[in-house]
Amino acid sequence: MEECVFCRIINGKVPAEKVYEDDKVISFLDIMPANKGHCLVVPKKHTQNMMEMDDEDLAATIHAAKKIAKALSLSFGAGFNMVMNNGKEAGQVVGHSHVHIIPRFQKDRLRIKWSHLKYEGNEMKEYADKIKKFI
Ligand code: AMP
Ligand code: ZN
């Protein structure tokens, strides 16, 4: 996976401001942060998205994400958003699975908010039934 920028960071071929590493996961600062201190938590094994990750890597990534979130909170007294973009429809740009941990401050200018829709009639149950069919 020579072209993948995160694989290149993992292999030490592209520099990154690393904050954490273990045998399965690496975490480094996002180069274009939503807030300063924004970290990416990246499984070392290349997969495109969460569906491709095995449960062991997923567990290791979430476990590391919690460590990073705690460190952000202790360093900056911040809350945080944990975000994982899966698929280009969801805004994923780098095709190597990763979780964003974004520190949040009382008066920052970041907005991670959506407008709320309404289900009509029986729609809510229909949506639940469609989802349950594949679980
Ligand atoms: P996503 O939209 O979820 O795919 O997010 C990809 C993130 O990777 C963006 O926030 C980029 O700023 C970040 N990014 C891309 N290249 C690098 C790099 N070389 N080092 C650190 N962060 C990067
Ligand atoms: Zn990769």
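2 is the number of the first residue of the sequence shown in the numbering used here; add one for each residue after it. Ideal Cβ placement from N, Cα and C applies to all residues, glycine included.
Could you check how far apart the C-beta atoms of residue i and residue j are, in whole angstroms? I think they sit under 8 Å.
i, j, result
"V95", "T62", "So it is not a contact: roughly 15 Å between Cβ atoms."
"N82", "I103", "5 Å"
"V20", "I69", "7 Å"
"I11", "K45", "5 Å"
"M51", "L59", "7 Å"
Residue i bridges to which residues according to DSSP?
i, result
"Y21", "S28"
"L41", "F29, H101"
"N82", "I103"
Taking all protein chains shown into account, do 16 or more other C-beta atoms lie within 10 angstroms of the C-beta of residue i, making it buried, or fewer, making it exposed?
i, result
"F135", "exposed"
"L118", "exposed"
"I27", "buried"
"S98", "buried"
"V15", "exposed"
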